[in-house]
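Chains as they are written, first to last, in the numbering used here: chain B, 1 to 321; chain G, 322 to 642.
Idealized CB from N, CA, C, for every residue including glycine.
Beneath this line is the structure, given in structure tokens, with notes to follow.
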């Protein structure tokens, strides 16, 4: 890259939003923040070139925005509101200062949506691959954190939104199909905005027992939830919300195993069904797709008959928190 | 790498220390921690292969340990005690599960020394380069945070320990010189343990106005402090603490511009000189090397005569917080 450290840090400083909450921001060994007593959630999630994205399919602006979104998604999934984030970007020589600015612009856009503040981080050279690693802190605003370990026997299983959109969007990009009518899928892949409005309703009505975001694929993520909760799940393929096109093109597996949708998967006790209906009746997309039972793992049914699960999801190394 | 995501996360979970402070640790979308009211410091610092280290000179264990140390150093430099950390490691296919375990073992070793807890993070594939990115939270324990912006006119400038050891250690590794008598320099490079004991004394006696860690090189780091404090500094080469070998081999520049020593550079008002002497008399290595004045930048003197500064320090992209 053709720019000095000082110039780069000055450039990044411009993306810092002034705030009373931050006592000392970008420009020191660390940022200083006054925090009130409470429960806080810490997450950290990275995106690496060639593994999570290609610059051919995603521009710097999208990459910055997505790096923030995927961390916001983890924070919300725990029942917390995001507050602060730090970012490390690993910059290979091929990148220009303009590329880096675009990445910070994308981050700023996502940060504004959720009123989160950039505290700083690190910018480092890399020999070959670009990476971006965001850490984020949020504050629990619910009665209790939403863990993966709280699903109870008899709970119903639901998801927000539509699954498979992101994976379908990526497949379209790979095939070079970018017709106007398909852009929503590509947008979901490039900018997986967490479904904040429906999340707020779920929190307001205290619906959920267990919650997580669908990042690796419905089946694999639900399996993780069941493993942590020491339960088993049954889901009905007929009820899994997916774009009509996936059925038409026999790509249902993208909704089950595609991943990267960043919708919320959650369980709730049957007596909350009415409260949930009141939310869906307001127009918020939520689908009940199955039930928690004893046993282990996830079983898939279609028209009442059990179906073999061909592909569970995307097995990358994944989060450790 | 030859291992599945689940197995890897299980392996990492073993490095999590059980604690009452952590309500929910590794295994969920995020970690949940109860925090009391106060001022907290957030830092994030990465190391990338080929830029910050070569596996030829550093093993996984050292890399993990150093990644924690450099973040602890930043937290201490702000006047805070480290509490929690998260880590993202970017793993190219060439690495084995054993390599990764070694990295976590190194992190655990450093974490134990400072009683810090691993909250989780992310493990991600990379195509070519390895990287490790640590974010850390600490709590301010001093009357006021130690910023780079608090150096006052007339303050004296001091450093802990000896400068140039780490850069000299790296130069020895590059030359293949690993004689027994030289190992301390190599150790300083591989495991730059923050000088915690002397830091505690400085905090106890409330000595410092401004503080930072010497990571990029004395001159460049002092310039940053002066820029933030809107002051100028004069330092005397004769008083800069360095290994005798550097003088013998005419490598004084390593003490001025070598970087990676992770000693503390600080300023203090003259009336604290006696309190500081009581610390050095206890055997803690501290050297007074100059004085803060009006003006701008750093001026170097040797035997009373001003000397041109040939090389200021290591200009990588650097921290942004």
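At a cut-off of 9 angstroms between C-beta atoms, residue 37/B counts as an interface residue with respect to chain G. The count of Cβ pairs closer than 8 angstroms, one atom from the stretch 361-368 of chain G and one from the stretch 103-123 of chain B, reaches three, so the stretches are in contact.
For residue 567/G, no CB of chain B lies under 9 angstroms from its own CB, so it is not counted at the interface with that chain. Flagged as an interface residue toward chain B: residue 352/G, by a C-beta distance shorter than 9 angstroms.
With respect to the C-alpha of residue 231/B, the residue from 265/B, 297/B, 179/B and 271/B having the closest C-alpha is 297/B. Ranking 593/G, 631/G, 627/G and 344/G by CA distance to the CA of residue 145/B puts 344/G first. If you check each beta-carbon in the stretch 407-420 of chain G against every beta-carbon of chain B, the ones closer than 8 angstroms belong to 407, 408, 409, 411 and 412.
Among the CB atoms of chain G, none fall inside 9 angstroms of the CB of residue 110/B. The Cβ neighbour count for residue 141/B, taken over all protein chains shown within 10 Å, is under 16; the residue is labelled exposed. Excluding the 5 residues flanking it on each side, residue 392/G has same chain C-beta neighbours closer than 7 angstroms at 364, 366, 406, 455 and 457, in chain order. Less than 9 angstroms divides the Cβ of residue 513/G from the Cβ of residue 583/G. Residue 138/B holds the alpha-carbon nearest to the alpha-carbon of residue 115/B among 10/B, 138/B and 199/B.
Around the beta carbon of residue 281/B, a 10 Å sphere encloses fewer than 16 other beta carbons of the protein chains shown; the residue is thus reported as exposed.
Against chain B, the CB of residue 538/G has no partner CB under 9 angstroms away; the residue lies outside that interface. When C-beta atoms of the stretch 522-542 of chain G are compared with those of the stretch 589-598 of chain G, three or more pairs fall below 8 angstroms, so the two segments count as touching. At a cut-off of 9 angstroms between C-beta atoms, residue 46/B counts as an interface residue with respect to chain G.
When the beta-carbon positions are compared, residue 199/B and residue 76/B come within less than 9 angstroms of each other. For residue 524/G, the three-state secondary structure derived from DSSP is helix.
Contact between the stretch 468-487 of chain G and the stretch 555-569 of chain G is established, with three or more Cβ pairs separated by less than 8 angstroms. Taking 9 angstroms as the cut-off, the Cβ atoms of residue 476/G and residue 612/G count as close. The beta-bridge partner set that DSSP reports for residue 41/B consists of 138/B and 353/G. Close CB contacts of residue 238/B within its chain, under the 7 angstroms cut and outside five residues either way in sequence, are with 302 and 303 (chain order). In this structure, DSSP gives residue 167/B a helical state, which the three-state scheme calls helix. For residue 247/B, no beta strand (DSSP E) run applies; the uninterrupted alpha helix (DSSP H) run containing it begins and ends at 244-248, by DSSP. In the three-state reduction of the DSSP assignment, residue 556/G falls in the strand class, which pools E and B. Look at residue 416/G here: in three-state DSSP terms it is coil, with no helix or strand label. The DSSP-derived three-state label of residue 47/B is strand. For residue 628/G, the enclosing beta strand (DSSP E) starts and ends at 626-628. The count of Cβ pairs closer than 8 angstroms, one atom from the stretch 47-62 of chain B and one from the stretch 11-31 of chain B, stays below three, leaving the stretches out of contact. Per DSSP, residue 451/G lies in no beta strand (DSSP E) segment and is marked neither H nor E. Judged by their CB atoms, residue 449/G and residue 129/B are nearer to each other than the 9 angstroms cut-off.
Between residue 621/G and residue 577/G, the gap from beta carbon to beta carbon is short of 9 angstroms.
For residue 533/G, the chain B residues whose Cβ falls inside 9 angstroms of its Cβ are 28 and 29, in order along the chain.
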